[in-house]
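Residue numbers (the numbering used here): 1461 to 1534.
Just so you know, even glycine gets a beta-carbon here, dropped at the ideal spot from N, CA and C.
Fair warning: this is a prediction, and the values are worked out from it, not measured in the lab.
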(Lines of atoms letter the chains of each structure in order from A and count residues from 1; the text may use other names and numbers.)
(Lines give C-alpha, C1' and ligand atoms only; values in the text may rest on other atoms or scores of the structure.)
Protein backbone atom coordinates (compact mmCIF):
# COMPACT_ATOMS: atom_id res chain seq x y z
CA UNK A 1 0.00 0.00 0.00
CA UNK A 2 1.66 3.26 -1.05
CA UNK A 3 0.00 5.33 1.69
CA UNK A 4 1.83 3.43 4.45
CA UNK A 5 5.33 4.76 3.66
CA UNK A 6 4.61 8.44 4.59
CA UNK A 7 2.79 7.27 7.72
CA UNK A 8 5.78 5.19 8.82
CA UNK A 9 8.13 8.10 8.04
CA UNK A 10 6.12 10.47 10.24
CA UNK A 11 6.04 7.91 13.08
CA UNK A 12 9.82 7.45 12.90
CA UNK A 13 10.40 11.22 12.91
CA UNK A 14 8.14 11.61 15.96
CA UNK A 15 9.97 8.81 17.78
CA UNK A 16 13.34 10.45 17.07
CA UNK A 17 12.08 13.83 18.31
CA UNK A 18 10.70 12.20 21.48
CA UNK A 19 13.98 10.39 22.14
CA UNK A 20 16.05 13.54 21.66
CA UNK A 21 13.80 15.59 23.92
CA UNK A 22 14.02 12.89 26.60
CA UNK A 23 17.81 12.92 26.36
CA UNK A 24 17.79 16.68 26.90
CA UNK A 25 15.07 16.94 29.55
CA UNK A 26 15.80 14.00 31.86
CA UNK A 27 19.28 15.19 32.92
CA UNK A 28 17.89 18.70 33.44
CA UNK A 29 15.11 17.37 35.69
CA UNK A 30 17.60 15.22 37.61
CA UNK A 31 19.99 18.13 38.22
CA UNK A 32 17.08 20.36 39.29
CA UNK A 33 15.96 17.77 41.86
CA UNK A 34 19.51 17.37 43.17
CA UNK A 35 20.05 21.14 43.46
CA UNK A 36 16.67 21.51 45.20
CA UNK A 37 17.72 18.96 47.81
CA UNK A 38 14.87 16.58 47.06
CA UNK A 39 16.03 13.05 47.92
CA UNK A 40 16.08 10.69 44.98
CA UNK A 41 16.35 7.55 47.11
CA UNK A 42 13.84 6.11 49.53
CA UNK A 43 10.89 6.07 47.18
CA UNK A 44 7.94 8.39 46.91
CA UNK A 45 7.39 8.61 50.66
CA UNK A 46 10.74 10.34 51.24
CA UNK A 47 10.09 12.75 48.37
CA UNK A 48 6.67 13.63 49.80
CA UNK A 49 8.15 14.21 53.26
CA UNK A 50 10.86 16.47 51.84
CA UNK A 51 8.47 18.50 49.71
CA UNK A 52 5.93 18.90 52.52
CA UNK A 53 8.67 20.04 54.89
CA UNK A 54 8.22 17.08 57.23
CA UNK A 55 5.05 18.57 58.69
CA UNK A 56 2.90 16.24 60.69
CA UNK A 57 -0.85 16.05 60.33
CA UNK A 58 -2.67 18.89 61.98
CA UNK A 59 -6.31 19.52 62.76
CA UNK A 60 -6.56 22.37 60.23
CA UNK A 61 -8.86 22.16 57.26
CA UNK A 62 -5.93 22.32 54.87
CA UNK A 63 -5.65 19.53 52.33
CA UNK A 64 -3.08 16.97 53.42
CA UNK A 65 -0.53 15.21 51.25
CA UNK A 66 -0.98 11.47 51.75
CA UNK A 67 2.19 9.90 53.13
CA UNK A 68 2.49 6.17 52.69
CA UNK A 69 5.22 3.61 52.47
CA UNK A 70 5.70 2.50 48.89
CA UNK A 71 6.81 -1.04 48.17
CA UNK A 72 9.82 -1.30 45.92
CA UNK A 73 9.31 -2.82 42.49
CA UNK A 74 12.12 -5.35 42.89
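Taking a C-beta distance under 9 Å as the contact criterion, residue 1500 and residue 1493 qualify as a contact pair. When DSSP states are grouped into helix, strand and coil, residue 1489 belongs to the helix group. Residue 1497 and residue 1488 have their alpha carbons spaced roughly 14 Å apart. Residue 1484 has its alpha-carbon roughly 26 Å from the corresponding atom of residue 1467.
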